[in-house]
Amino acid sequence: MAINNINNGVQKPQIDNQKLNQQQTQNQTTQSNTQTAQSTAQTPRQDSVSLTQSAQQLSQVQKKSNDAPVNQEKVEKLKKAIQNGEYKVNPEVLAQKISRLEAEIFGVKS
């Protein structure tokens with residue numbers, strides 16, 4: 382059985398060891414970067430929340446209103462007056478109270 386010369390008499394080029402070492406180093410660097418990116422992606426992120434000063438003030442007002450005592454007798458009296466159509470709203474007084482409340486909440490002097 383005869384073996385044919387595959388290269389047809391052409392000599393094989395010599396391997397450039399320096400170029401081979403550079404390619405191996407580059408491959409190792411790429412693998413290292415990929416592993417670092419994967420480990421970073423697996424690390425859980427730390428989320429944070431910050432509230433504005435207005436939101437903090439609103440939260441404090443809500444807490445205070447929840448702690449405030451309720452005059453249940455007065456509440457029942459007002460419910461009955463509303464149901465019977467006897468409760469009348471004075472728009473001027475209501476507007477003044479709303480204005481005062483907003484001034485207290487937002488720190489505006491009226």
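Counting in the working numbering, the sequence shown runs from 382 upward without gaps.
Every residue, glycine too, gets a C-beta built ideally from N, C-alpha and C.
Query	Result
Could you give the distance in angstroms between the alpha-carbon of Val430 and the alpha-carbon of Gln441?	17 angstroms
With DSSP run on the structure shown, which of helix, strand or coil describes Gln407?	helix
Given this structure, state the Cα-to-Cα distance separating Gln427 from Lys455, to the nearest angstrom.	49 angstroms
Just the C-alpha distance for Gln453 and Val489, rounded to the nearest angstrom, thanks.	32 angstroms
Would a C-beta distance cut-off of 8 angstroms place Gln438 and Ile479 closer than the cut-off?	no
Our contact map puts Tyr468 next to Ala462 with C-beta atoms below 8 angstroms; I'd like the distance itself, whole angstroms only.	4 angstroms
Pull up the distance between the alpha-carbon of Leu482 and that of Glu473, whole angstroms please.	14 angstroms
Could you have a look at Leu432 and say whether DSSP puts it in helix, strand or coil?	coil
Helix, strand or coil for Gln492? Go by DSSP, reduced to three states.	Past the edges of the chain, shown from 382 to 491, lies residue 492, and the structure says nothing about it.
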